[in-house]
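Here's the structure we're looking at; comments come further down.
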Amino acid sequence: MPSKLSLAGSLLTAALASAQNLTIANLTAGANCACTQLVSTYGDLVILPDSTNYTAEATDYWDIRADLLPGCIFMPSDASQVADAVSTFVSCGSQFAIRGGGHMNFPGSNNINEGVLLALNNLTDITIANDNSTVEVGPGNRWVDVYTALSPRGLYCIGGRLKTIGVPGLELIGGFHYLINKYGMAMDNVVSYDVVLGNGTQVVANSTCNPDLFWALKGGANNFGIVTKFTITALPIPYISTTIQTFNESAIPAFIEATVQMAENDPGDIAAGSVISVTYNQTTGKIVPSLLGVQEGTESPPSRFANFSAIPSTLTLNNVLTPIEWHSQLDSPNQMMRVQFAHKTIKPDTAQLTKIYEAWKTAVDEISDVEGLLPTFVMNVLPASAASVAKNNGVGNTWGLDDDQSWILWQFSTGWANAVDDLRMTNWASKLLDYWHLQNQALNLSSEFIYMGDAGEYQDPFAGFPLENVQRMREIRDAYDPLGVFTRLNWGGFKLGSN
Ligand SMILES: Cc1cc2nc3c(=O)[nH]c(=O)nc-3n(C[C@H](O)[C@H](O)[C@H](O)COP(=O)(O)OP(=O)(O)OC[C@H]3O[C@@H](n4cnc5c(N)ncnc54)[C@H](O)[C@@H]3O)c2cc1C
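All letters in the sequence shown, in the order written, are residues -19 to -1, 1 to 480 by mature numbering (1 follows the signal peptide of the UniProt record, and there is no 0).
Okay, structure coming up:
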């Protein structure tokens, strides 16, 4: 919890700084100014539209929709260069975007047309503490890099489930990992953030130093500054027990029931979690429910997935692996398609989830003419025991979830090929989501919680946070970024807005 004293001090700083003004230049003029200054200081670290590697960098994104055309791309190699870049953006009034792993999948979330793209790819330091308790990670790393570095010491940490997802996104917006039921979200495992603020200064935020900012960064996204280092708890977990299971469509009722049971009965004593999804091959009409399950330790098959293992499967693959052996298999290549995620949140309820699934399947038929269609129905379990971690660790997080209820985030992940279908796909998903969310509200089954990592660009995750947490984040933002650099010059992601 932020102390009243530190917040008061920060508010004083805000009051003093409010005498200054932030000038916002015309988009192109601001970028020209910033790019020219950055080139003169940093030369080859700045990529211009006529550079040979411009296209590769401007398209280093997971979702093709996120490919935009920045005026230049600055690739700093240390935190002081990031700080210098922020000062340059402010002095030029230049708009900019920040890219970590580039997985947030909507246009403008991590890239910018005509402005400056600050690509953090080169900040790839990883340092494990001598006592193995923590690991310091630069924001240019992917989770596979972190798991690889930890592996020789038999260590693991709470991060992304697929290997190429970026570190910064998860640490700033939440972070679903397999073992959240015992260890909490990825953000709950960050013990310190190094941050460049909007005035170009570098600060540390942890439980003793700027504790208000520390709390706000846990779920508050890119509203406060640019994180140049995450210090993360390292866990002594040398082995995990894994299961991959696929089923026929006829298994859907039992599959949804097993998901609900998993959510309802999870005291967090055994660290285990999953990726649960149903893919629909529109061409063949084939529905494939699948489970990727991971449990801490070497018990195989992993006991937490017994309800799934009891369903006749088309494939079951149980293994005991090192974490890096597991993650190395789980790729999510960039630029495969245009993709949109969107989700709502429901209490674990088999009957209602089955209805939603059936409605989704029927609705997919309405868009069957869309080229390259790749629809997936995902059920992401958010166990109450994960919320308990934040409630009891003395820090908390901005989600402020109660730990008396587990939830299931029901999500549409839809891929397609052509820009001409973008609007149609958005309308299709949003209408279906809203209809079923209304039904769930009427049945008292819904939550307004929306996870930024699985949200559509038309959704507002902050609206689902407790109002007092949003107010507090706004106060902290105004204290640490009184000029509004990350509100007014920085494109992308989910912004806090005003009262
Ligand atoms: C294939 C796939 C799998 C996924 N799997 C998971 C999963 O297992 N668990 C989960 O929780 N989520 C998952 N997600 C969602 C994921 O958490 C988000 O997309 C997340 O934003 C990715 O982080 P990134 O660094 O790659 O993203 P980026 O798009 O680079 O960054 C995300 C946002 O943070 C901002 N940002 C980036 N770096 C910084 C920084 N250093 N300081 C301040 N702001 C910054 C960016 O501007 C952007 O707005 C998945 C997404 C995809 C596409």
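Note that CB positions come from ideal geometry on N, CA and C, so glycine has one too.
Ranked by how close their Cα comes to the Cα of Thr115, the residues Ile457, Thr223, Ala215, Met433 have Ala215 in first place. The residue from Glu339, Gln242, Gly147, Gly179 with its alpha-carbon nearest to that of Asp330 is Gln242.
Put simply, the backbone Cα of Leu19 is about 15 Å away from that of Gly181. By a beta-carbon distance limit of 8 Å, Ser394 contacts Val359. Their separation comes to about 6 Å.
Counting every other CB atom within 10 Å of its CB across the protein chains shown gives Val401 a total below 16, marking it as exposed. C-alpha of Ser428 to C-alpha of Trp417: approximately 12 Å in a straight line. It is roughly 18 Å from the alpha-carbon of Gly121 to the alpha-carbon of Asp48. According to the DSSP assignment, Cys53 belongs to the beta strand (DSSP E) that extends over 53 to 55.
For Pro51, the CB stays at least 7 Å from every heavy atom of ligand 1. Judged by their CB atoms, Met454 and Gly201 are nearer to each other than the 8 Å cut-off. Here Ile146 has Gly82, His84, Trp124 as same chain residues with Cβ atoms under 6 Å from its own Cβ, once five neighbours each way along the sequence are excluded.
Looking at His308, Leu354, Asp350, the one whose alpha-carbon comes closest to that of Arg319 is Leu354.
Beta-bridge analysis with DSSP links Asn471 to Phe77. In this structure, Ser271 is the residue among Ser271, Tyr159, Glu456 with its C-alpha nearest to the C-alpha of Ser290.
The residue from Thr379, Leu363, Lys325 with its alpha-carbon nearest to that of Ile161 is Leu363. Fully contained in the region 147 to 183 are the following alpha helix (DSSP H) runs of length 4 or more, in chain order: 148 to 154, 161 to 164.
For a cut-off of 8 Å, the C-beta gap from Pro133 to Ile221 is around 16 Å, too long to register as a contact. Taking each of Ala239, Ile225, Ile431 in turn and checking the Cα distance to Asn299, the smallest one comes out for Ile225. By the CB criterion at 8 Å, Thr407 and Tyr439 fall inside the cutoff. Taking 7 Å as the cut-off, the C-beta of Leu272 does not count as close to any heavy atom of ligand 1. Within the DSSP secondary-structure output, Ala130 pairs in no beta bridge.
Burial of Thr69 is indicated by the presence of at least 16 other C-beta atoms within 10 angstroms of its C-beta. Contact between the region 93 to 112 and the region 175 to 192 is absent, with fewer than three C-beta pairs closer than 8 Å.
With contacts defined by Cβ atoms closer than 8 Å, Lys210 and Gly119 form a contacting pair. Separation of Lys336 and Thr240 (C-alpha to C-alpha, rounded to the nearest whole angstrom) is 15 Å. By the neighbour-count criterion, in which a residue is buried when 16 or more other Cβ atoms sit within 10 angstroms of its Cβ, Glu277 is buried.
Ser75 is positioned such that its CB atom lies closer than 8 Å to that of Cys14. Shown here for Lys163: same chain residues with a beta carbon closer than 6 Å to its own, the five before and five after excluded, namely Gly249, Ala252 in chain order. According to the DSSP assignment, Gly11 belongs to the alpha helix (DSSP H) that extends over 8 to 23.
Taking C-alpha positions only, Thr212 is separated from Ser411 by approximately 37 Å.
Following the DSSP letters along the chain, one finds Asn450 inside the alpha helix (DSSP H) bounded by residues 448 to 461. Taking 7 Å as the cut-off, the C-beta of Trp43 counts as close to a heavy atom of ligand 1. The bridge partners DSSP lists for His324 are Gln392.
Cβ-Cβ distances below 7 Å link Val256 to Arg142, Leu273 in the same chain, with the five nearest sequence neighbours on each side left out; the list follows chain order.
Spatial neighbours of Gly465 in its own chain (CB-CB distance under 7 Å, excluding positions within 5 residues in sequence) are listed in chain order as Leu3. The closest CA to that of Glu306, considering only Asp459, Pro219, Gly206, Ala197, is found on Pro219.
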